[in-house]
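See below for the structure under consideration.
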Amino acid sequence: MTEGQKNEDYVVGIDEAGRGPVIGPMVYGIAGIPVSKQHLLKTAGANDSKQLTDADRRNIFEKLKKIEGFYYAFVSVDAIQISEEMQAINRTSLNQIAFNAARSLLENCPYKIQHAYIDLISPAEQYRNFIQQSPRLVDLKMTIEAKADANYPVTGAASIVAKVTRDNAIKPEWGSGYPSDPHTKTYIGSASDPIFGFKERNVRFSWSTCQKIMEEKCKKCEWQVQRDVDGISQHQQNSGLFQKMGFKQLVPKK
């Protein structure tokens, strides 16, 4: 970071890749550039990554990184973390996981943010309020709207950061990671274990596609639950996961 960049206002964009797939991480990306240079993003081709080929995304990403003052970062939430948080005793919704990632990126941006353009996660006001709960971001000016990645080049740049990062984490044999992809379905079926469900960290076992496979292929199991002083045992804390995997819980009578 140069002395000039420290004092110059930045515009930033935030977008994600991999919210819906059953395989692989959900990646949130942030892209930023000095206000005076934001026109260079469009010149480089920054746009909604979904409208670009893989080769185009990678080519544009390299062009973006060569722009003086261009900033980017990402948060990658792996598949097992997503499922564990969504099935914990105190469950965290996928929206909240996304909110946490976006706010973290904004909090850790080393530049003075003039405005942030963020792709919509509904409801927008809840998203805005959560971000502004951070002391550093309480006065942050934000535009949160659908298709921000297509409407604002800086958000398009963030979508490219997120998509390229996620694609780099996906192996060819996994397919696209989406449940509708035949290659993905084949991989998930082969990756299941009759006892442990899914042992690899790349599968979101809480997704309905995985639940159906576990119900069909996993062994059924019954076990006793020991209660502790507070009425909650470690077995009970894990029972939600086991039940999702086709296990049956037996609770001792008082």
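Okay, so the sequence shown: first residue is 1 according to UniProt numbering, each after it adds one. Glycine included, every Cβ here is placed at the ideal spot set by N, Cα and C. Computed from a predicted structure; not experimentally measured.
Within 10 Å of its beta-carbon, does residue i have 16 or more other beta-carbons around it, so buried, or fewer, so exposed?
i, result
"Ala88", "exposed"
"Arg91", "exposed"
"Pro34", "buried"
"Asp48", "buried"
"Ala17", "buried"
"Val11", "buried"
"Thr53", "exposed"
"Cys57", "In the sequence as presented, Cys is not what sits at residue 57; that position holds Arg. Under this definition Arg57 is a buried residue."
"Arg201", "exposed"
"Gln38", "buried"
"Asp139", "exposed"
"Thr184", "buried"
"Tyr28", "buried"
"Asn7", "exposed"
Please report the residue range of the beta strand (DSSP E) in which residue i lies.
i, result
"Gln114", "Lys112 to Asp119"
"Pro34", "Met26 to Pro34"
"Thr143", "Met142 to Glu145"
Rank the options by C-alpha distance to the C-alpha of residue i and give the top, closest one.
i, options, result
"Thr209", "Thr186, Glu200, Ile170 and Ala55", "Thr186"
"Asp119", "Ile82, Ile131, Ala150 and Leu106", "Ala150"
"Lys65", "Tyr111, Thr184, Ser176 and Ala157", "Ala157"
"Ala73", "Ala146, Thr165, Gln133 and Ile131", "Thr165"
"Arg19", "Met214, Lys63, Ala191 and Ser176", "Ser176"
"Val161", "Pro21, Leu41, Ser36 and Asp9", "Leu41"
"Phe205", "Ile30, Ala98, Glu8 and Asp78", "Asp78"
"residue 256", "Asp48, Ala146 and Ser122", "The structure shown has nothing for residue 256, since the chain only spans 1 to 254."
"Val75", "Lys163, Ala191, Asn59 and Pro135", "Lys163"
"Tyr71", "Met214, Asp54, Tyr111 and Gln126", "Tyr111"
"Pro153", "Asp193, Gly24 and Ile30", "Ile30"
"Ser134", "Trp174, Thr143, Arg103 and Ile113", "Arg103"
"Lys171", "Asp15, Ile23 and Glu8", "Ile23"
"Ala124", "Met142, Cys109 and Lys63", "Met142"
"Met26", "Ile82, His115, Ala148 and Phe61", "Ile82"
"Asn95", "Tyr127, Leu105 and Gln114", "Tyr127"
"Ile113", "Leu137, Ile213, Glu68 and Ala46", "Leu137"
In the DSSP assignment, what residue or residues form a beta bridge with residue i?
i, result
"Gly69", "Answer is none; Gly69 lacks a bridge partner."
"Ser192", "Phe198"
"Asp9", "Lys112"
"Val203", "Ile23"
"Ile97", "Partner(s): none; Ile97 has no beta bridge."
"Asp15", "Gly29"
"Ser76", "Val27"
If you follow the alpha helix (DSSP H) that residue i is part of, which residue opens it and which one closes it?
i, result
"Pro135", "Note, Pro135: premise wrong, no alpha helix (DSSP H); not H, not E."
"Glu173", "Careful: Glu173 lies outside any alpha helix (DSSP H) and carries neither H nor E."
"Asp149", "Ala148 to Asn151"
"Ile44", "Here residue 44 is Ala; the residue named in the question, Ile, does not match the sequence. Segment His39 to Ala44, the alpha helix (DSSP H) holding Ala44."
Flag residue i as yes if its beta-carbon sits less than 9 Å from any beta-carbon of chain C, otherwise no.
i, result
"Gly32", "No chain C is present in this structure, which holds just one protein chain."
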